[in-house]
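Chains as they are written, first to last, in our numbering: chain R, 1 to 317; chain G, 1 to 317; chain C, 1 to 317; chain U, 1 to 317. The beta-carbon is built from N, C-alpha and C at its ideal position, and this holds for glycine as well. These figures come from a predicted structure and were not determined experimentally. Here the structure is laid out as structure tokens; the discussion comes afterwards.
4 protein chains.
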Amino acid sequence: MSHTSEPTRSYSYLGPAGTFTEAALKQVEAAQGQTWRPVSNLGEALNDVVTGVSDAAMIAIENSIDGGVTVAQDALATIPGLRIIGEYLVPVRFVLVARPGVKLEDVTVVAGHPVAYGQCRAWLDEARPQHRHLPATSNVQAAADLFDAAKQVDAAIAPPGIEDHYDVEVLAEGIAENPDAVTRFVLVSRVGPVSEPTGADKTSLIAELPEDRSGALLDLLEQFATRGVNLTLLASRPIGDRMGRYRFVIDAEGHIKDERVADALLGVKRSSPNVVFLGSYPRADRVSAEFRPVHDDNRFRDARDWLREVIEGVDPA
Amino acid sequence: MSHTSEPTRSYSYLGPAGTFTEAALKQVEAAQGQTWRPVSNLGEALNDVVTGVSDAAMIAIENSIDGGVTVAQDALATIPGLRIIGEYLVPVRFVLVARPGVKLEDVTVVAGHPVAYGQCRAWLDEARPQHRHLPATSNVQAAADLFDAAKQVDAAIAPPGIEDHYDVEVLAEGIAENPDAVTRFVLVSRVGPVSEPTGADKTSLIAELPEDRSGALLDLLEQFATRGVNLTLLASRPIGDRMGRYRFVIDAEGHIKDERVADALLGVKRSSPNVVFLGSYPRADRVSAEFRPVHDDNRFRDARDWLREVIEGVDPA
Amino acid sequence: MSHTSEPTRSYSYLGPAGTFTEAALKQVEAAQGQTWRPVSNLGEALNDVVTGVSDAAMIAIENSIDGGVTVAQDALATIPGLRIIGEYLVPVRFVLVARPGVKLEDVTVVAGHPVAYGQCRAWLDEARPQHRHLPATSNVQAAADLFDAAKQVDAAIAPPGIEDHYDVEVLAEGIAENPDAVTRFVLVSRVGPVSEPTGADKTSLIAELPEDRSGALLDLLEQFATRGVNLTLLASRPIGDRMGRYRFVIDAEGHIKDERVADALLGVKRSSPNVVFLGSYPRADRVSAEFRPVHDDNRFRDARDWLREVIEGVDPA
Amino acid sequence: MSHTSEPTRSYSYLGPAGTFTEAALKQVEAAQGQTWRPVSNLGEALNDVVTGVSDAAMIAIENSIDGGVTVAQDALATIPGLRIIGEYLVPVRFVLVARPGVKLEDVTVVAGHPVAYGQCRAWLDEARPQHRHLPATSNVQAAADLFDAAKQVDAAIAPPGIEDHYDVEVLAEGIAENPDAVTRFVLVSRVGPVSEPTGADKTSLIAELPEDRSGALLDLLEQFATRGVNLTLLASRPIGDRMGRYRFVIDAEGHIKDERVADALLGVKRSSPNVVFLGSYPRADRVSAEFRPVHDDNRFRDARDWLREVIEGVDPA
């Protein structure tokens, strides 16, 4: 970015090299040429940010097949001081790999991260009906497990390109069920001033519902609907204190500095016992929010001007 | 109010002395000892205010039997520069009066203001089935018509106490259908700064619906509902340019300086092509608005503080 | 309609010949060649129907300038046994007429029905600033008043064509404020089976709001909105027992035999303490209702089939 | 149930003996003395029902800490022919166990099902900060892993009572974070006629949102809200074909044979491109649904009677 002695920034991500998370981090322009810190789980990644070990962490937040990454949603709901500053999409494709010389018909035990396994199970049930699954802690670790004799693994589900990192052979490609599957990642930093809108932004928040009111979710959704703010994600998560109490993970189109979004957030804040603002950031798909003219920024400003004049008694005549 | 040479204020009202409008004006403390200007119709009363001839005008705005006084609603919707500053209730009671010596069984032609006639018709149909109605321009004028030979009036519908002003005898009392009937009056002045809330206030406005959206009325009502603002009046009036286009006359509980009311008005202003704010003023019945804590002023201020801190990046941790 | 001895039908209308109401009745094909019964007011017209003196009555129900004809709305709300069977639109145009030889500059006292006067006042204020208004009981009666010496009337506001009925001269044409003004009439009969839908129908009803629930109007409107039923009229009328209690006069697009309308009416009936169904009838403007496929009749039938199968336990597999 | 030769029923559940699922099945009166079939995963349990190997399967559906069991939700959404017939709650409590003689200070590697581990991690972080986690396929398997030398496990997270099934000693009790945690199980059978309401019932369904309408979720929720039907669960699940498309897993208070629930389901069916009815069954907590009189069964029947009479033209007078 500059040839002066700008301090290096550090980015934590679920490693090792070769994971989908690393693929997401490769999309971050500002991260190129900086320090990349592979970690072994989500908690470690977020802890690096909270403690200042890293400036930001890349984490998986939603999968088009498997849904929200609930442990990430719950972490963002409960760890204070974090802020989402970017969103990245990585296509989900898998290959089946084995140690050199192993053939598909030799495969019984298949290592794989549980999410990856879920997406490839249909193919495995067809190709190797008698296979057994051994869970791995990451897609890359599954390949590494091939070389841990104690684990007795015959094959591993891994991302394309894994053969650059391990001495493996590809037994089959494109084994995931849905060829359009994609994982959504977010880049998380410590809390700081919100960046400016780009015109194609997304705002993430988490809101608890009040305990004592049926229809509370309807009220919450109407805060967005009456301001013409579309939601791209709505996921319920148990608060955890007792059955039936939920918080909602919400992604809304637009930026907190858009008047209609700010007004909706004010409404949500008033009606919810607990709201966590997670950030406003550019959308990965660069799609601009659509809204009717009645929800335009100018309309909000004009209304405020009108209200002030009306209270002061300026004669409209 | 003071013994210094404070200029006298002038109040216009539908005269002559003895009308229900005068009874409403008698309830206005600040009007006592000032100039009272009887006029012959609503247009004259409001014109007095617009032109500065009077400081305020008392006008009937709603009747518990007959509904909104539509001509008054339409005048407030279209004459700029007016503001409602007070509300007063007058019980609607009628007596049947005649020239001395006339008996009930002699009565055929009955003079009465059309609204008064409507409220007394059931009684008249029973007592004098063959009667005919001659419209009068006010309840007091009906009594005056008894002494206009050309009109050939036998009896008149008039307010109690009319015998203090005219040489008439009361043939029957309590002839109106509903003993609890009441007329609501408002005191109208020129536009000026809105007075402070009293805790038991009402806010009046008139809003047009957007032309091109079904569900527009639902949207309008939700602006109030989502802020917990109850409506005490909702009346549709044709805009008049073509069939099917309406403006709505709305009375809402609370004061424009109450946060929840101000926020609802902002929402209405944004979504309506034309809003006329008619005023926030103390309610005649002194009933305080009821609302849930979530719509309290503090909740609005706290939400704004939260939004500002969130945008600035104040760490909540 | 037929030369066999079909009994003659009788139609009551606000007479005499020449009124807008007569013009509406002229639009009713089935009424041609039948008995037409001019009456002097709305109550008489409806009473003719209730008592069987007439088969139907034509009454004015809404005016594009002046709004709902409240006395007609209130009559339909409270007189049982009536049903609207047709809708007709009549353009509202007025001429100023006088006895032969009278000139515009001679005119001081102008007779006119109050509604007609309201629509022509702007023209009269301009042309004859010093004029006075004498209320008449109908637009035709205003012309008749020209020949009642006791009334001292100089000119009358009357409908075009009045010169066919009275010896008058037209002083000015097109004196009403809005050239597009129109009055909506409905043809009212006794209750009977609802006729079949035509595809361009309207359904009229009157519903009271429950006394004890704020947000009750919103609930009422949502009964229509959730079934995709648009409203063409919504007017509040006081119930009359005390201030603040309303019934709503509603015209909805569609026919009670349309599934979406029937379902909305069921919802209204359940939530309202009192609903009066006034009728489903062809729209005067012949405009078909627009609705999304999701509100189509088939969708309703399919859903009922599905519900029955689900309860019976038919395996969808 | 009877000593006559009634055929034995078979129940599949996630085994082996000692799991929470077995604890749920122990609550099913009709299952006592019948054949219990331990299986190793959810897919096997449901497949037993689909193929007729078992009459019913007990499966975990929601956890008060961890949220919906998404794989179970997705299975019910996509496997046709299944029906929920009962609901059971099992408190979630964990003990830490080891082979006889092992002390807490010797523990490094802890076996545990990932969900169980999540609930006990706080305690383990405190007691054994350097511990490592080895995932197990069930809570009971974690204990079994203690005796698989290859796995080198020191201690296991297991349900109370595990010492009845394995030769283990309890190192610590009550190690789960939340003492009130509970898992909700449902008993699933093949599709058949819905049983009668008990007055304290729950209805489960899964509905897709239409693709092309923002506000579609609001519409869906209003189908329940306008009939006074409370929701006890609302969880979004990706449909899986592309990012941003969801189905919603819904638990509603009441029974499909309750009129208000049936009417809400009809509305959902009309507006959703795909609805799966999962069943109406007695609630585990035996809490009766609360609703306003306006949503009572009688109100629905009365409204239908009224609609029919109105269409037929029965005179209400």
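For U:TYR88, no Cβ of chain R is located within less than 9 Å of the residue's own Cβ. In the DSSP assignment, R:TYR246 is bridged to R:PRO238.
In the structure shown, G:ARG308 adopts helical secondary structure according to DSSP, grouped into three states. Note on G:VAL287: under 16 other CB atoms within 10 angstroms of its CB, so exposed under the neighbour-count rule.
If you draw a straight line from the Cα of U:ASN178 to the Cα of U:ARG121, it comes to about 12 Å. For C:ALA31, the closest alpha carbon among the candidates C:THR19, C:GLY15 and C:ASP55 is that of C:ASP55. Residue-level contact check: G:SER64 touches chain C, since one or more beta carbons of chain C fall below 9 Å from its beta carbon. Neighbours of C:GLU222 in chain U, taken as residues at a C-beta separation under 9 Å, are given in chain order as GLU222, ALA225 and THR226.
Short of 7 Å from the beta carbon of R:VAL71, and not among the five residues preceding or following it, lie these beta carbons of its own chain, in chain order: LEU42. Straight-line measurement puts the Cα of R:ALA207 at about 6 Å from the Cα of R:ASN274. CA-to-CA, the gap between C:ASP201 and C:ASP251 works out to about 10 Å.
With contacts defined as CB atoms closer than 9 Å, U:ALA144 and U:PRO38 fail to qualify as a contacting pair. Following the DSSP letters along the chain, one finds U:PHE147 in no alpha helix (DSSP H), marked with neither H nor E.
Sequence-distant Cβ neighbours of U:ARG283 in its own chain, meaning closer than 7 Å and more than five residues away, are GLU87, ALA200, ASP201 and LYS202. For U:LEU146, there are no neighbours in chain R by C-beta distance under 8 Å, as the nearest C-beta there is about 17 Å away. Taking a C-beta cut-off of 7 Å against chain R, the contacting residues of the segment 174-200 of chain U are ASN178, ASP180, VAL182 and ARG184, listed in chain order.
Restricted to the segment 135-207 of chain R, the beta strand (DSSP E) segments that are unbroken, complete and at least 3 residues in length are 155-158, 169-173 and 182-190, listed in chain order. Interface with chain G (9 Å Cβ-Cβ cutoff): C:LEU231 is included.
In terms of Cβ geometry, C:ILE175 and C:GLY18 do not form a close pair [threshold 9 Å].
The C-beta of R:LEU104 comes no closer than 9 Å to any C-beta of chain U. Annotation for G:GLY86: no alpha helix (DSSP H) segment contains it, though the beta strand (DSSP E) segment containing it runs 82-91.
Across the set U:ALA181, U:GLU173 and U:ASP241, the C-alpha of U:ASP241 shows the shortest separation from the C-alpha of R:ALA181.
At a cut-off of 9 Å between C-beta atoms, G:ASP219 counts as an interface residue with respect to chain R. Bounds of the alpha helix (DSSP H) holding G:SER271 are 259-271. Apart from sequence neighbours up to five positions away, the residues of its chain that approach G:TYR246 with a beta-carbon distance below 7 Å are LEU209, SER236, ARG237, PRO238 and ILE239, ordered along the chain.
Straight through space, the alpha carbons of U:PRO159 and U:HIS255 are spaced by roughly 34 Å. The C-beta of G:SER271 has 16 or more other C-beta atoms within 10 Å across all chains shown, which makes the residue buried. Looking at U:PHE224, U:LEU89 and U:LEU187, the one whose alpha-carbon comes closest to that of U:SER10 is U:LEU187. With its beta carbon at least 9 Å from every one in chain U, C:VAL53 lies outside the interface. Closer than 9 Å to the CB of U:SER271 there is not a single CB belonging to chain R. C:ALA149 sits exposed, since fewer than 16 C-beta atoms from the chains shown fall within 10 Å of its C-beta. Rounded to the nearest whole angstrom, the C-alpha separation of R:VAL109 and R:PRO100 is 16 Å. For C:THR51, the enclosing alpha helix (DSSP H) covers residues 42-51. With respect to chain R, the C-beta atom of U:ALA264 has no partner C-beta closer than 9 Å.
The shortest C-alpha to C-alpha distance from U:HIS113 to any of U:ARG128, U:HIS133 and U:ASP125 is the one to U:HIS133.
Taking a 10 Å sphere around the C-beta of R:GLU29, we find fewer than 16 other C-beta atoms and assign the residue as exposed.
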